[in-house]
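The sequence shown begins at 32 in the working numbering and counts up one residue at a time. Read through the structure below, which is laid out as structure tokens, and then see the notes.
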Amino acid sequence: MMAANTNRTGAALKILYLNASHCYAATQNALAVAAKDNYDILMLIEPYYPARASTIKAPGWEAICGARSALLIRGDIRHTPHLTGHPDIVATLTNNTVLTCIYTSPNEPMEPPLHTLLTFLQTTNTTKTILGGDLTAELPSSQDASQIKEEHSLRTSSKAQL
């Protein structure tokens with residue numbers, strides 16, 4: 032997937048996304064492909080973490096890891112990690128664009144991470160956001176979704192709707 036943001040050379044950021052399903056081989060293969068094909072960002076959902084570890088160690092990459100989501104940023108990309116207030120939402124800011132990776136479980140309510148995500152995005156000083164992730168939780172009813180949208184003054188465009 033190509034994003035509309037740019038890397039240090041002025042070229043579009045190259046972003047690779049994968050749900051690794053907690054698999055060591057999938058996580059390692061994603062890292063190998065990202066390095067080989069010169070990706071700038073690797074977004075992982077359900078990455079593999081070694082026993083008693085909560086991060087991915089990958090030479091040449093900086094990892095921002097949550098419980099079930101991770102952003103790996105190539106070492107030469109300038110960025111500023113951001114705390115989101117939720118263990119399954121990780122984010123960083125690069126070139127005035129927020130990169131966010133989120134996981135929602137199909138066995139857990141979607142409202143807590145959705146509220147956290149919307150609140151976090153409203154606190155950033157940018158209108159550019161690249162959001163990747165796995166939103167498999169049960170969606171709120173249309174009435175709840177309307178209330179969430181109203182509470183967070185969510186701005187939508189023709190390309191993005193709640």
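Glycine included, each C-beta is placed from N, C-alpha and C at the ideal position.
Buried or exposed (CB count within 10 angstroms, at least 16 for buried), residue i
i: residue 69; result: exposed
i: residue 55; result: exposed
i: residue 103; result: buried
i: residue 144; result: buried
Rounded separation between residue i and residue j - CA only
i: residue 146; j: residue 112; result: 20 angstroms
i: residue 48; j: residue 117; result: 20 angstroms
i: residue 44; j: residue 128; result: 11 angstroms
i: residue 153; j: residue 141; result: 18 angstroms
i: residue 108; j: residue 139; result: 34 angstroms
i: residue 125; j: residue 164; result: 18 angstroms
i: residue 99; j: residue 122; result: 13 angstroms
i: residue 64; j: residue 88; result: 16 angstroms
i: residue 157; j: residue 84; result: 33 angstroms
i: residue 101; j: residue 133; result: 8 angstroms
i: residue 148; j: residue 159; result: 14 angstroms
Three-way DSSP call (helix, strand, coil) for residue i in this model
i: residue 86; result: coil
i: residue 134; result: strand
i: residue 125; result: strand
i: residue 46; result: strand
i: residue 140; result: strand
i: residue 114; result: coil
i: residue 160; result: strand
i: residue 61; result: helix
i: residue 56; result: helix
i: residue 66; result: helix
i: residue 191; result: Note that residue 191 scores a pLDDT of 38, beneath 50, so its modelled location is shaky; the value from the coordinates is reported in the next line. Three-state DSSP puts residue 191 in a strand.
Other residues of its chain near residue i: CB distance less than 6 angstroms, five sequence neighbours each side excluded
i: residue 162; result: 131
i: residue 86; result: 94, 96
i: residue 66; result: none
Cut-off 8 angstroms between Cβ atoms - residues of its own chain near residue i, not counting five sequence neighbours on either side
i: residue 106; result: 91, 92, 93
i: residue 51; result: 57, 58, 61, 75, 76, 77, 78, 79
i: residue 135; result: 119, 141, 144, 145, 164, 165, 166, 167, 168
i: residue 155; result: 113, 124, 129
Close beta carbons around residue i, own chain, < 7 angstroms, minus the five adjacent residues each side
i: residue 110; result: 104, 123, 124, 125
i: residue 191; result: Summary for residue 191: the model assigns pLDDT 38, below 50, so the residue's position carries little reliability; its value from the coordinates is reported in the next sentence. Once the five neighbours on either side are set aside, residue 191 has no close Cβ partner at all.
i: residue 53; result: 77, 79
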